[in-house]
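Everything below concerns the one structure shown next.
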Amino acid sequence: MACLDKKMDIMESDSCDFSWCYGLVGISIYMKDLEEAKDLLKEMQHYMTNSLAKLITMDFLPINNHQVCLCHGIAGLIYYLWREGCLECSHNILRILNRYYERLFIEPNQDFRILEGYGGMLLVMLALHMNKQFKGDILLGYS
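Residue numbers (the numbering used here): -14 to 128.
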């Protein structure tokens, strides 16, 4: 991953993946469970989590250029940051999710799968609204 090798700001790189399955969210979840090299991993996780939180709070994510899904997209990123306590269910977060939610009614034939469709976004919206993690998030690596 270019953004980790060069320790560059991920907001300056279009090539840095923040997804759960291949990117920074998944790496961050995995790091929490490793016992070896705990200090280095804690520092890296802190750096990645802060960078990911900046992405959300800046609200620079254009709605058409990013996926919304839980696995590869914005919903997974928001859920991870919320679970880590780095992100409160703020007005900005709800505004981002609502932009995607409104898009559901504009574009026909949307995909509602949990991991790769709008179902994951709706699940995250519900979790944040209820301030409660959803059952089954252990499958994503959360303990």
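Yeah, the Cβ is synthetic: ideal placement off N, Cα and C, and Gly gets one too.
query, result
"Exposed unless 16 or more other CB atoms sit within 10 angstroms - verdict on Q95", "exposed"
"As assigned by DSSP and simplified to three states, the class of Q118", "coil"
"Endpoints, alpha helix (DSSP H) assigned at S13", "9 to 17"
"C-beta atoms of L37 and L9 nearer than 8 Å", "yes"
"Status (buried if at least 16 other CB within 10 Å, exposed otherwise) for Q30", "buried"
"Inter-residue Cα distance where the pair is Y85 and Y64", "15 Å"
"Exposed unless 16 or more other CB atoms sit within 10 angstroms - verdict on M115", "exposed"
"L111 classed as buried or exposed, judged by whether at least 16 other C-beta atoms fall within 10 angstroms", "exposed"
"Unbroken alpha helix (DSSP H) run spanning L72, endpoints", "From DSSP, L72 is part of no alpha helix (DSSP H); its letter is neither H nor E."
"Per-residue burial, I81 [other beta carbons within 10 Å of its own, 16 or more giving buried]", "buried"
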